[in-house]
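Using UniProt numbering, the first residue of the sequence shown is number 1, and each one after it goes up by one. The C-beta atom is built at its ideal place from N, Cα and C for all residues, glycine as well. Following: one structure in structure tokens, then a few remarks.
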Amino acid sequence: MTEARFIGIGVGPGDPELMTLKAVRLIQQADAIAYIANAHGESQAKQIASHVINSSNKQQQEIPVIMPMCDNRNLANQVYDQAADHIQMVINQNKIVVFLCEGDPLFFGSFAYLLERLEAQNICEVVPGISSVHAASSALKIPLTMLKESLSVVSGRHSDQQLIATFNTYDSVVVMKVGCHRQKIIRALRASGRLEHAHYLEHIGRGNERLVNNMDDVDDETGPYFSLFMVTRPAKQRQ
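Below, the structure is given as structure tokens:
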């Protein structure tokens, strides 16, 4: 590990024990650690990996990427451009920079936007992590798919019509990035007749984890960013 490079590392959905051995080793060996943070400098990915970062015997530079919480693509692109420039300057000093991602780096991950900006001129690597999709299945103890069942993973940003079509087409569906779209998703579940097949989860693998099996218990308020719906066929249909 002497050659400068940029490494995207998946730290999993929230439980630090779900990090891979490779992720732990590379974080400890890194010269600089980058991560998405809010306006207060708080980072979920850094929090997950904090015990690993603290166990490193190296003096590590931190590169927080302050991301606005509003859904503004132009503003987000400006942030990624600035972050890529900063990371590139560190790499040019013959340093190894790791970027921490919740879940998996290339599955709805912010790392993808930095990778497309940096991969042409740098050595880049990716360490996969356990996604919230698989963590949700494990938390519920319900298989995502069996035999010939189909699976779709979509964003809550889709329209009502797109969500309804997805619920009607696929045996299993995971809707990520729920947030302010929670009630729209519930409407689509009801319209497609899949409401009773749905489970709602927040902060999977963390101390404030919440699992809801009855959609009547999901209120009208905006949900947290780290939440999802998992929809599967009833057990009798699977048999």
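Helix, strand or coil: which one does DSSP assign to VAL98? It is a strand residue.
Within the same chain, show all residues whose beta-carbon is closer than 8 Å to that of ALA84, passing over the 5 residues directly before and after it, in chain order. Around ALA84: LEU114, ARG117 and LEU118.
For THR222, count neighbouring Cβ atoms within 10 angstroms of its own Cβ and tell me buried if that reaches 16, exposed if not. It counts as exposed.
Are the region 165–180 and the region 223–231 in contact at 8 Å, needing three or more beta carbon pairs? Output reads yes: the region 223–231 touches the region 165–180.
Reduced DSSP category for MET1 - H, G, I as helix; E, B as strand; rest coil: With a pLDDT of only 47 at MET1, under the threshold of 50, the placement of this residue in the model should not be trusted, and no figure is reported.
Would the region 30–44 count as touching the region 121–129 if we require 3 or more Cβ pairs under 8 Å? These segments do not touch.
Looking at the structure shown, is GLU125 part of a helix, part of a strand, or coil, going by DSSP? Strand.
Which residues in the same chain have their Cβ closer than 6 Å to the Cβ of ALA191, if we skip the five residues on either side of it in sequence? Hits under 6 Å: ILE164.
Give the DSSP-derived three-state secondary structure of GLY223 in the structure shown. It is coil, neither helix nor strand.
Is ILE186 helix, strand or coil when you go by DSSP? In the three-state reduction of the DSSP assignment, ILE186 falls in the helix class.
Length of the line joining the Cα atoms of MET1 and LEU26: Low per-residue confidence applies at MET1: pLDDT is 47, beneath 50, and the placement is therefore not dependable, though the value from the model is reported in the following sentence. Rounded to whole angstroms, MET1 to LEU26 spans 9 Å at the Cα level.
Cβ neighbour criterion (16 or more within 10 Å) applied to LEU144: A residue is called buried once 16 or more other Cβ atoms fall within 10 Å of its Cβ, and LEU144 is buried on that count.
Confirm, please, whether the CB-CB distance from ILE48 to GLY12 is below 8 Å. Cβ atoms of GLY12 and ILE48: closer than 8 Å.
Three-way DSSP call (helix, strand, coil) for VAL11 in this model: Looking at VAL11 - three-state DSSP - the assignment turns out to be coil, as it is neither helix nor strand.
How is the alpha helix (DSSP H) around ILE91 delimited, first residue to last? Start and end: 73–91.
What's the C-alpha gap between MET19 and GLY10? Computed Cα separation, rounded: 8 Å.
Start-to-end residues for the alpha helix (DSSP H) that takes in ILE53: For ILE53, the enclosing alpha helix (DSSP H) covers residues 50–55.
Nearest to GLY205 by alpha carbon, out of MET215, PHE226, VAL98 and VAL97? In terms of Cα proximity to GLY205, the closest of MET215, PHE226, VAL98 and VAL97 is PHE226.
Output yes or no for whether 8 Å exceeds the beta carbon distance between ILE111 and PHE99. The displayed chain sequence assigns Phe, not Ile, to residue 111. The answer is yes: Cβ separation under 8 Å.
Say the cut is 7 Å; is the CB of CYS101 nearer than that to a heavy atom of the ligand PLP? In terms of ligand content, the structure shown is empty, and the ligand PLP therefore cannot be addressed.
Considering just the uninterrupted stretch of the beta strand (DSSP E) at VAL178, what are its terminal residues? Where VAL178 is concerned, there is no enclosing beta strand (DSSP E), given that its DSSP letter is neither H nor E.
Return the residue from the list TYR80, ASN57, PRO16 and GLN237 that minimises the CA-CA distance to LYS148. Its Cα nearest to that of LYS148, the residue GLN237 stands out among TYR80, ASN57, PRO16 and GLN237.
Excluding the 5 residues preceding and the 5 following GLN60 in the sequence, name in chain order all residues of the same chain whose CB lies nearer than 8 Å to its CB. Result list for GLN60: ALA30, ASP31, ALA32, ILE33 and ILE53, in chain order.
Whole-angstrom Cβ separation of SER56 and GLN78, contact assumed at under 8 Å? With 8 Å as the limit, SER56 and GLN78 do not qualify as a contact, their Cβ atoms being about 31 Å apart.
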